[in-house]
Amino acid sequence: LIYKQGSIINALKNGEIEICAIQENCTVGMGAGISKFLVDEYPEIRKYNLEQLKLAKTAPEEVLGKAIPYLLNNNAVIYGIYSQYYPGGPSIDGFDKFEQRLHWLNKGLSYINDSNKGKSIILPLIASGLAKMRTKDCISDLDYFKKYIAPTVEECLIDINVTVYYL
Numbered sequence: 048l049i050y051k052q053g054s055i056i057n058a059l060k061n062g063e064i065e066i067c068a069i070q071e072n073c074t075v076g077m078g079a080g081i082s083k084f085l086v087d088e089y090p091e092i093r094k095y096n097l098e099q100l101k102l103a104k105t106a107p108e109e110v111l112g113k114a115i116p117y118l119l120n121n122n123a124v125i126y127g128i129y130s131q132y133y134p135g136g137p138s139i140d141g142f143d144k145f146e147q148r149l150h151w152l153n154k155g156l157s158y159i160n161d162s163n164k165g166k167s168i169i170l171p172l173i174a175s176g177l178a179k180m181r182t183k184d185c186i187s188d189l190d191y192f193k194k195y196i197a198p199t200v201e202e203c204l205i206d207i208n209v210t211v212y213y214l
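For the sequence shown, my numbering gives the first residue as 48, with consecutive numbering after it.
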């Protein structure tokens, strides 16, 4: 993985991104973090997200673990990876716990890998911001990503060049 400090939104505007993947939840979706900024800049992706949220209410198993591509008007592709059911940090036990979220993230990233071999992808610090507050570790979002999320990214995106953006 390559780590780069910078703005994904600016990189999209400048045509530097071919593929980007973000993490989504299945209840409110795109209301915070990088997702909110993407919807503000590219409102056309909201309709695809709303379709997935509607499906997730009745059949979450049809959405969780999926990576849904959103084609932007500049030909970049944003994948929304539905790797958590609820917004915020994981539950301690039950349906939406951390291990289950990693499983769903693994499925979504593996799909992206299989569909985009040889290409480059940009990721924000997925699963970091709100989830960090739920851990007992007092570490930065970047360190949280490296410790808990990067191993899954490295395991799944084996045929894609990955750059992780952070602010």
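In this text, a Cβ means the ideal position worked out from N, Cα and C, and glycines have one as well. All values reported here derive from a predicted model rather than from experimental measurement.
**Prompt:** Is the beta carbon of G127 sitting closer than 7 angstroms to the one on E88?
**Reply:** Sequence index remark: in the sequence shown, residue 127 carries index 80 (1-based). Sequence index remark: in the sequence shown, residue 88 carries index 41 (1-based). Not a contact, by the Cβ cut-off of 7 angstroms.
**Message:** So the candidates are L111, H150, L118 and A123; which of them puts its Cα closest to the Cα of Y132?
**Reply:** Taking the first residue of the sequence shown as 1, we reach residue 132 at position 85. When only C-alpha atoms are compared, the closest one is L111.
**Item:** Span separating the alpha-carbon of E63 from that of L100
**Value:** Walking along the sequence shown from the start, residue 63 turns up at place 16. Walking along the sequence shown from the start, residue 100 turns up at place 53. Distance between the alpha carbons of E63 and L100: 29 angstroms.
**Sheet register partners of C185 (DSSP bridge)** = If you number the sequence shown from 1, residue 185 lands on position 138. For C185, which the question treats as bridged, DSSP gives no partner whatsoever.
**Request:** Below 6 angstroms CB to CB, which residues in the same chain sit around N153 once its five sequence neighbours on both sides are set aside?
**Result:** Reading the sequence shown from its first residue, position 106 is the one you call residue 153. Around N153: T199 and C203.
**Prompt:** Apart from the five residues on each side of it in sequence, which residues of its chain come closer than 6 angstroms, Cβ to Cβ, to Y117?
**Reply:** On the sequence shown, residue 117 is found 70 positions in, with the first residue counted as 1. Hits under 6 angstroms: I92, Y95 and I125.
**Message:** Taking only three categories from DSSP, how would you classify K113?
**Reply:** Here residue 113 refers to the residue found at position 66 of the sequence shown. DSSP, read as helix, strand or coil, puts K113 in coil.
**Item:** C-alpha distance - V211 paired with K164, whole-angstrom precision
**Value:** Within the sequence shown, residue 211 is the residue found at index 164, counting from 1. Within the sequence shown, residue 164 is the residue found at index 117, counting from 1. Answer to the nearest angstrom: the Cα atoms are 17 angstroms apart.
**S167 and R148 closer than 7 angstroms at C-beta** = Walking along the sequence shown from the start, residue 167 turns up at place 120. Walking along the sequence shown from the start, residue 148 turns up at place 101. Cβ distance not < 7 angstroms, so S167 and R148 don't count as in contact.
**Request:** Ignoring anything shorter than 3 residues or poking outside the segment 143–182, list the beta strand (DSSP E) runs there in chain order.
**Result:** 167–170
**Request:** Using 10 angstroms around the beta-carbon of G155, count the other beta-carbons present and answer buried if the total reaches 16, otherwise exposed.
**Result:** Locating residue 155 in the sequence shown gives position 108, where the first residue counts as 1. Buried: at least 16 other Cβ atoms inside 10 Å.
**Request:** Throw me the rounded Cβ distance for the I173 and I196 pair, which I believe falls under 8 angstroms.
**Result:** Position 126 of the sequence shown, counted from the start, is the residue given in the question as residue 173. Position 149 of the sequence shown, counted from the start, is the residue given in the question as residue 196. That pair is a contact at about 6 angstroms.
**Asked** Relative to the alpha-carbon of K113, which residue among A123, N121, L102 and N122 has its alpha-carbon at the smallest distance?
**Response** Reading the sequence shown from its first residue, position 66 is the one you call residue 113. Checking every option, the nearest Cα to that of K113 belongs to L102.
**Item:** Where the beta strand (DSSP E) containing E71 begins and where it ends
**Value:** Taking the sequence shown and counting its residues from 1, one reaches residue 71 at position 24. Segment I66 to N72, the beta strand (DSSP E) holding E71.
**Asked** Would a C-beta distance cut-off of 7 angstroms place I81 and I69 closer than the cut-off?
**Response** Numbered from 1 along the sequence shown, position 34 holds the residue referred to as residue 81. Numbered from 1 along the sequence shown, position 22 holds the residue referred to as residue 69. Taking C-beta atoms as the reference points, I81 and I69 count as a pair closer than 7 angstroms.
**Request:** State yes or no: is the C-beta of F84 within less than 7 angstroms of the C-beta of I115?
**Result:** As a first step, residue 84 must be located in the sequence shown, where it is residue number 37. As a first step, residue 115 must be located in the sequence shown, where it is residue number 68. Going by C-beta atoms, F84 is not nearer than 7 angstroms to I115.
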